[in-house]
Ligand SMILES: Cc1ncc(C[n+]2csc(CCOP(=O)(O)OP(=O)(O)O)c2C)c(N)n1
Ligand code: SF4
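Residue numbers (my numbering), protein chains in the order written: chain A, 414 to 985; chain Y, 20 to 300.
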């Protein structure tokens, strides 16, 4: 993580850590830098230690490291907890009226009377803004840009609040200028590019909207709640209904009902909610109803450590729900992929008339980064085979001439979809059914219909993009991973003779290309945020290849590039 | 249209004499009376003997999972509120497995009809006790007799906020038909509990049992208090009829997004991208 600047702010939950952190990254992004940020917090609304990390660089950044150049410590605990992360030459901003930290060798301490200056500016709640003003000076940043961010972030608030925050930033800036030397030129304004600063959840919400989602029925759960917050806030601008169901079973059932009636629908949840939904996944499977399910993993089992990250549910998500039906699972690894793969999930769901699971985790959902502008124009909408307007009921078998043949047998297994409307009777059924959707248990019908369904995705593994191999074609070691480990792995291999086989289409599995790539690898190393090496197990099932070297972490924290570098060094 | 026009070619597979026949007859007659378009009328069923009705009735339908027809129907209605959506559910389906959905659908006052085939038994799975079977009911799951009192669906519907609450008897088709017609016309959540004898498993609540006890209510109450008193069985008499009907905006009618057109008719791209993405710059 060379040439990057690491920022952290820590304090008690409820002290505005998250919003101040986001103001900082927006400030950096607007000043023309690439950024990555995320928060760590316990499952509490007030109290408990919260921290916000950000990494800023003139080059693209994929994650944060576990070291800090500038720390805003709102209490002594923050200094104690993070002292080992402070880089040589790092600095700590603190309020001398609040506590007096013990000195640490090689670390500068900058006392700034945050509260007093905030009161001068108008309100004690503006203390963090005072600190950000000081940060702007210490990092060579432009105060005007910081003020423009404050204007936008507080746009919905009263004028006095915006003016007060401007004043607070100025006071912090001036105070630092009068007392300290800058830390370096880390945030000097550069030409800013049209980049977005966005979190995985918001990218998922936007990807769904770009794909034309119409109904989102989502029950709150960390780490996906901000998907529903975004959709609920922008219902009108997005042209959708956000519906808050009584539970996840209702959520998925309503999404299925809506898809049957003809709209694209979405649900999102974490492991617990997914468990409740699983019977209905299978309902979508047999009724051939398109559906997109966002599954944001967190560290379990059961409630586990609910605000921390994990990749513990891969095997579960791949196989949940009874019976055999075609299953599709995509796993985006960053915000940009969240957007495009979610949009793609809607096309796959409608083309193959089956549920598609999009598997992410807390470290993707709640982390933010700068990415190239997301364009809805780059999202194609493919709705698959639809009822022909020329369809005449008389074309039906004599027996049920007025019923739409929703499950007519077809070579590719994909029947035309029609939605109920005047003059068109559409019947779907969770019991095994014949082409009209009427229950039928005969051997022939059962085989025909089950084989029809299973055939649908036969060609899909040929169509999916080959997995990416990042880094040099020839490498001492090939890393294998998926999901949110992508960022730390990309960061880690920057400095080593290693490459990275990254998988984001997990079912159907691109077995041939994976086998081809791994056949050429000198050594392989599996990296996952779980105990069992679940991708490794799935990969072995699909290709017969076993990856022996493993770096597994299941403490709820994401990987840091340093840990990966160390492991690679130990095997080459 | 005639009753025949609402029938598929599938022969009903209910046991001879089953109370579901009367209910089905009343439903078809009502569709005839209302000239319901068979494509635009959607029957959403759960799993149980009641759910078989989807196969015999020639209208659009969704046979879902045990306990889940209500939330499926909610989704259908949100996507296309021009459809007439009728939930067909059992006492087990609606009040056991799906009780949570029933309470919340009533509370939100979705524009749906919820038709409960109440046979006080889990009939499809061979007659185990259900939430509505009475104290002492003997079955394979309650060999010593049920030790829990019965739940009253109409009372629960009233407490939960349904705006139309009624009870009919499948042995009195014309009366049930009147109720159904009013329920379908009602804009909001309409509960129709149908006393539906299961002639195979429920030896307590038989046709005769009901015939001797039912008492017709003259007209609906506009206040819940009156309706609550009216729906309760008193001195061994079981009231039937429309207990309560109240005009209140349905859930769907409160949504601006679908005031002009149902969701299904709206363009997939009727969004304002700049407004949606403004805060990310
Ligand atoms: C999740 C689930 N649990 C259990 C069952 C088994 N099951 C099918 S129907 C039924 C009870 C049906 O009772 P009711 O809803 O009253 O319908 P009836 O058969 O009496 O019409 C049960 C327990 C199931 N299909 N799904
Ligand atoms: S078991 Fe009972 S409810 Fe089911 S069809 Fe037979 S009589 Fe009707």
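Note that the Cβ used here is the ideal one computed from N, Cα and C, for glycine as well.
**Asked** Between residue 290/Y and residue 652/A, is the Cβ-Cβ spacing less than 7 Å?
**Response** Closer than 7 Å, so yes.
**Prompt:** Looking only at C-alpha atoms, which of 212/Y, 152/Y, 126/Y, 70/Y sits nearest to residue 82/Y?
**Reply:** The shortest Cα separation from residue 82/Y among 212/Y, 152/Y, 126/Y, 70/Y belongs to 70/Y.
**Under 6 Å, CB to nearest heavy atom of ligand 2: contacting residues** = Listed along the chain, these residues meet the criterion: 33/Y, 34/Y, 37/Y, 39/Y, 68/Y, 138/Y, 142/Y, 217/Y, 218/Y, 219/Y, 220/Y.
**Asked** Is the segment 646-660 of chain A close to the segment 621-632 of chain A, with three or more CB pairs under 8 Å?
**Response** Yes, the segment 646-660 of chain A touches the segment 621-632 of chain A.
**Message:** Can you look up residue 472/A in the DSSP assignment and give me helix, strand or coil?
**Reply:** coil
**Prompt:** Just to confirm, are residue 543/A and residue 527/A a CB contact at a threshold of 7 Å?
**Reply:** Contact flag set, yes.
**Asked** Where does residue 295/Y fall in DSSP's three states?
**Response** The answer is helix: DSSP assigns residue 295/Y an H, G or I state.
**Message:** Distance cutoff 7 Å, beta carbons only. Does residue 143/Y sit that close to anything in chain A?
**Reply:** no
**Prompt:** Since residue 761/A and residue 920/A are thought to touch, with beta carbons under 8 Å apart, how far apart are those beta carbons, to the nearest angstrom?
**Reply:** No, residue 761/A and residue 920/A are not in contact; Cβ-Cβ is about 11 Å, not under 8 Å.
**Item:** 8 Å contact criterion, which residue 59/Y and residue 835/A should meet: CB distance rounded
**Value:** 5 Å
**Item:** Residues that residue 633/A contacts on chain Y, provided the C-beta gap is smaller than 8 Å
**Value:** Residues of chain Y passing the Cβ test: none, with the nearest at roughly 15 Å.
**Asked** What residue does the alpha helix (DSSP H) around residue 209/Y start on, and which one ends it?
**Response** No alpha helix (DSSP H) holds residue 209/Y; the beta strand (DSSP E) holding it covers 209-214.
**Prompt:** Can residue 850/A and residue 767/A be called in contact, C-beta distance under 7 Å?
**Reply:** no
**Request:** Please compile the residues from chain A whose C-beta is within a distance smaller than 9 Å of the C-beta of residue 290/Y.
**Result:** 622, 623, 625, 647, 650, 651, 652, 653, 789
**Asked** Should residue 257/Y be flagged as near chain A, meaning a C-beta pair shorter than 7 Å?
**Response** no
**Residue(s) in a DSSP beta bridge with residue 450/A** = 467/A, 781/A
**Request:** Output yes or no for whether 7 Å exceeds the beta carbon distance between residue 114/Y and residue 150/Y.
**Result:** yes
**Message:** Would residue 489/A and residue 522/A qualify as a contact pair, given that the criterion is a beta-carbon distance under 7 Å?
**Reply:** no
**Message:** Please tell me whether residue 105/Y has its Cβ less than 7 Å away from any Cβ of chain A.
**Reply:** no
**Item:** Contact list for residue 839/A against chain Y, beta-carbon separation under 7 Å
**Value:** 79
**Request:** Mind the definition here: the segment 709-720 of chain A touches the segment 929-936 of chain A only if three or more C-beta pairs lie below 8 Å; say whether that holds.
**Result:** no
**Item:** Other residues of its chain near residue 36/Y: CB distance less than 8 Å, five sequence neighbours each side excluded
**Value:** 218
**Request:** Could you check what DSSP says for residue 77/Y in three-state terms: helix, strand or coil?
**Result:** coil
**Request:** Note down, in chain order, all residues in the segment 26-53 of chain Y with a beta-carbon under 7 Å from any beta-carbon belonging to chain A.
**Result:** Flagged, chain order: 27, 28, 29.
**Item:** 6 Å Cβ shell around residue 74/Y - same chain, five flanking residues per side excluded
**Value:** 29
**Message:** Between residue 477/A and residue 451/A, how many whole angstroms is the CB-CB distance? I'm expecting something under 8 Å.
**Reply:** Right, the Cβ-Cβ distance comes to about 7 Å (below 8 Å), so this counts as a contact.
**Prompt:** In or out: residue 807/A buried (at least 16 other Cβ within 10 Å) or exposed?
**Reply:** Low confidence applies here, because residue 807/A scores a pLDDT of 49, under 50, leaving its location unreliable and the question unanswered by this model.
**Message:** Assuming residue 373/Y and residue 88/Y are in contact, meaning their beta carbons sit under 8 Å apart, how far apart are those beta carbons, in whole angstroms?
**Reply:** The structure shown has nothing for residue 373/Y, since chain Y only spans 20 to 300.
**Message:** Run through chain A and tell me which residues come within less than 7 Å of residue 92/Y, C-beta to C-beta.
**Reply:** Within 7 Å Cβ-Cβ: 670.
**Prompt:** Taking 6 Å as the cut-off, is the CB of residue 144/Y close to at least one heavy atom of ligand 1?
**Reply:** Answer for residue 144/Y: yes, Cβ within range of ligand 1.
**Request:** Establish whether the CB of residue 842/A and some CB of chain Y are separated by less than 7 Å.
**Result:** yes
**Message:** For residue 941/A, report the span of its beta strand (DSSP E) as first-last.
**Reply:** Counted as a single uninterrupted DSSP element, the beta strand (DSSP E) harbouring residue 941/A occupies residues 937-941.
**Prompt:** Where do the N-terminal and C-terminal ends of the alpha helix (DSSP H) with residue 52/Y fall, by residue?
**Reply:** 39-53
**Message:** Using C-beta distances below 6 Å, list every residue in its chain close to residue 858/A, excluding the 5 sequence neighbours before and after it, in chain order.
**Reply:** 847
**Request:** List the whole-angstrom C-beta distance separating residue 558/A from residue 444/A, where the pair is believed to meet the contact cut-off of C-beta under 8 Å.
**Result:** 5 Å
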